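Residue numbers for the sequence shown follow our numbering, beginning at 363 and rising by one. Idealized CB from N, CA, C, for every residue including glycine. Model, not experiment: these values are computed from the prediction. Here is the structure we will look at, set down as structure tokens.
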Amino acid sequence: MNDSVSSSVLLVDDDVAMRFMAKASLEGAGFTVAEASNGQEALSIFTDVKPGIILMDVMMPVMDGFCACSELRQRPGGVHVPILMMTSLDDVESIKKAYDVGATDFITKPIDYLILANRVRYMLRAQHSTEKLQINERRLACAHRVAQIGYWELIIETEELTISDEIFRLLGIRKDEFGGSSKELFDRVHPDDRNQFVAGIEKVIKERKKISSEVRILGTEGEDRYVRHEAEVLYDESTGKDHLIATAHDITKRKLSEKRILKLAYYDELTQLPNSSFFIEYINNTIVQYRQGIKYFAILSIDINNFTRINDSLGRGVGDRLLCKVAKRLYSRVRTSECMSNQVAPTSDLNMQGRNSDIVARLSGDEFALLVTGCENNADVVNVVERIDKLFDTPFLIEDHELLLSISIGVSVFPENGDYVDALIDSSHAALSRAKEHEECNYEFYSGAIVDKAVHRLSMENELRRAIEENQFELWYQPKVDIYHGHVIGAEALIRWNHPQKGIVSPLEFIPVAEECGLIHPLGDWTLQEACRQNKQWKEEGVPSFRIAVNLSAKQFKQDQLLNKITNILRKSSSEPSCLELELTESVLLEDVSKSNAVLNELRNMGVHIALDDFGTGYSSMGYLSMLSIDTLKIDRAFVQSSTTNDKCFVIIKAIVTLAQGLGLQIIAEGVETKEQLTLLHDLGCYNIQGYYFSRPLPSEQFKKWLFEGEWRDQTGTNDSYRI
């Protein structure tokens, strides 16, 4: 037998002659035949034989064919095996019963043995085709399940509906829960998508065109599913009717992935606010809408003042939690659109809403931005700014820390400050920089003056870089005098920029620029080197040894290589560490007291002198003062210059002098300009003086001349009334 189907036959009959004739016919056709004389015997050999088909007589002793057929259908491997029941020609009841117990077909006796083999062969082929179809159906169902694709079919004329198992899974319901109507199916579509979906189905039926759409399916547990739906109408020749055929592909995972990607692309991971990409795109869309009419909106750039100090002192973890709380507080006070809660792209949000709303975004670090719509003029924006500022009146509680913050705000408006997004954002940033420079007001509107200043600053930065390369800087020195003993105890080195065209440029002009653009490091390094070199040279020229003071900025003091730099500078200049004094302000040292003190101790161990500059204008905490490793307090010039006219300044100076004496610290007053001021300080016990009364800052050669001429000695009063 050349068929690929199984050729094994199990022949069951109690008639020996019948079995003999049937076996001969089947074997002659190439079949392998196993025999059994009754149903019980057939059951016992079924598993071993594994026949491709069973020929079974109805009436047999021990166990008849009906019982054997029913039992076989319950056994493994017996569900689908073809069973051909042999009955009498007129035994209608037997034929009916045979089908009831699971027979595949019947053949009547007496049997025509000449056609028996063909009958068996065609039954096997039919069974094989059925099995292949079942396998393909299972594979297709599996493929649909894996690919999450289901289908449904509707006979348009009768509205008879057929639904695949995968559709039920997508709907989240069981078959027995479904009523069977197309309306019930359509009602499972999300209400926001339903009308468009039904209209699409009606269009398919009317125009006979295939459509594709993406719709949301209502989830049974509140989680919607996304489905790619395709439908078309086909004519079925077998029924003579039009059938609406549709497939539904579950794309929920893809849509959720797209949302996650969108969230990463458009939302800040820490605060969950829109990020700069979202903000820029949203403003672009706002501009497109606003260009259609004369409208006004504003962009606010918001920066937390001194946020770096919080990160440095309390750690980045506290800083991050603080940013989240700031974001939440800002978010609670703006008219946010649905794009904030639904987390969709700004473009789709605008298309969906057809209007604009205020949004708040985190651009970077501690900088936030706010789009303000619905305002008619700058006064309206000021009201918004003041409302935002009041958000920070209440401290933020982070762990055990109560943090009171202040902010600076830069404002640009459309279309006055630009009609495209980059210009507007740049303008708000420029205004923010300006706002951070003055203390009387924490916000600034963009203006032409800001542009001029920005251009000037950029120009100065470029000139500063050139000045460093061409060594256009020099040090001037202002003496420090001991009026009790009548001698110079030191000098403060002050950097000056000798510009080729502008002449001497004040440090007040270029130091802030140097701080901002990072040039303070090369300038600071040069100042230290030059001060040590000059002091060493003066000593070789016969000038009595004294201490040169150099101011250190916050950025210089915080650099990791500060100790190594100072060590190398002293070594290269062959200067004594005791001849160098470093002046630092309270704010620099108190950002991180323990870390600052560690550096101060290292410097003092080297022999370098440490002075606390501008004392009385910063924190002025006696607790901190007792902790800091310093040598000298410098009384700020503001107190000195008002000491003879303001009783409160006099009391403050007196307290500072007493404090320094009690802590065993040296003390020096700066900014002394008059005889009255000098007398007052002497009477209070402050004998070290710096100021115009003795000398303005002088270039090195003039300072040297001033030292040797000694006219200043007459001003100290060493040998007159100051000596008691």
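- For residue 827, same chain residues with a beta-carbon under 8 Å away, outside a window of 5 residues either side, are 881 in chain order.
- Scanning the region 1004-1066 for uninterrupted beta strand (DSSP E) segments of 3 residues or longer gives 1028-1032 and 1050-1052, listed from N- to C-terminal end.
- Looking only at 787, 886, 573 and 467, the smallest Cα-Cα distance to residue 649 is reached by 787.
- Around the beta carbon of residue 428, 16 or more other beta carbons lie within 10 angstroms, which makes this residue buried.
- In the structure shown, residue 553 falls within a helical segment according to DSSP collapsed to helix, strand and coil.
- Boundaries cannot be given for residue 601, as no alpha helix (DSSP H) includes it and DSSP labels it neither H nor E.
- For residue 631, the secondary structure class from DSSP, reduced to helix, strand or coil, is coil.
- Residue pairing for residue 578: DSSP places it in a beta bridge opposite 588.
- The Cβ-Cβ distance between residue 543 and residue 516 does not fall below 8 Å.
- If you draw a straight line from the Cα of residue 742 to the Cα of residue 1054, it comes to about 50 Å.
- In this structure, residue 1070 lies away from residue 853, with their beta-carbon atoms at least 8 Å apart.
- Here residue 773 really is in contact with residue 790; their C-beta atoms are around 6 Å apart, less than 8 Å.
- With distances taken between CA atoms, residue 436 lies nearest to 463 out of 375, 446, 370 and 463.
- For residue 1048, the closest alpha carbon among the candidates 843, 886, 926 and 941 is that of 843.
- Residue 1034 sits away from residue 1013, with the two beta carbons spaced by 8 Å or more.
- For residue 962, same chain residues with a beta-carbon under 6 Å away, outside a window of 5 residues either side, are 972 and 991 in chain order.
- For the 8 Å CB-CB criterion, residue 1042 and residue 1006 form a contact.
- In the displayed model, residue 914 falls within coil according to three-state DSSP, outside both helix and strand.
- Beta bridge pairing from DSSP links residue 909 with 852.
- In the three-state reduction of the DSSP assignment, residue 734 falls in the strand class.
- Its Cα nearest to that of residue 412, the residue 397 stands out among 639, 397, 425 and 419.
- Listed in chain order, the beta strand (DSSP E) elements of length 3 or more contained wholly in the region 641-702 are 659-666.
- One Cα belongs to residue 1059, the other to residue 903, and the distance between them is close to 21 Å.
- The bridge partners DSSP lists for residue 611 are 511 and 590.
- Residue environment: residue 1010 is assigned as exposed (fewer than 16 neighbouring CB atoms within 10 Å of its CB, all protein chains considered).
- In this structure, the straight-line span from the alpha carbon of residue 399 to that of residue 491 is close to 30 Å.
- Within the DSSP bridge table, the entry for residue 942 names 910 as partners.
- Counting along the chain, the unbroken alpha helix (DSSP H) around residue 528 starts and ends at 527-533.
- The way I'd put it, the region 605-616 doesn't touch the region 631-642; fewer than three beta-carbon pairs between them come closer than 8 Å.
- Judged by DSSP in its simplified three-state form, residue 636 adopts strand.
- Across the structure, residue 545 and residue 602 are spaced so that their CA atoms are roughly 24 Å apart.
- Residue pairing by DSSP puts residue 416 in a beta bridge opposite 372 and 445.
- A straight line joining the alpha-carbon of residue 915 with that of residue 847 spans about 32 Å.
- Leaving aside the five residues that flank residue 953 on each side, the residues in its chain whose CB is nearer than 7 Å to its CB run, in chain order, 671, 674 and 675.
- With a 10 Å radius around the Cβ and a threshold of 16 neighbouring Cβ atoms, residue 1052 comes out buried.
- With contacts defined by Cβ atoms closer than 8 Å, residue 996 and residue 977 form a contacting pair.
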